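**Student:**
In UniProt numbering, the protein residues as written are 1 to 51.
(1) Using the three-state DSSP reduction, which class does residue 21 fall into: helix, strand or coil?
(2) If the criterion is Cβ atoms closer than 9 Å, does the pair residue 35 and residue 19 meet it?
(3) Which of helix, strand or coil does DSSP assign to residue 10?
(4) DSSP three-state call for residue 33: helix, strand or coil?
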């Protein structure tokens with residue numbers, strides 16, 4: 001839900017936007033993959049969450 005909210009606010013987020021927008025998640029091994037997934041969703045026009 002945080003990623004969807006981020007993409008609604010910032011359709012083309014920078015790495016810094018993603019880092020700041022995904023502030024309340026575990027910084028464990030999955031964090032890097034989550035950041036990449038948000039960036040990929042943004043590349044698809046920010047509408048990938050609708051698929």
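For each residue, glycine too, the CB sits at the ideal point set by N, CA and C.
On a predicted model such as this, the values are computed, not experimentally measured, just so you know.
**Tutor:** In terms of the structure at hand:
(1) helix
(2) yes
(3) coil
(4) helix
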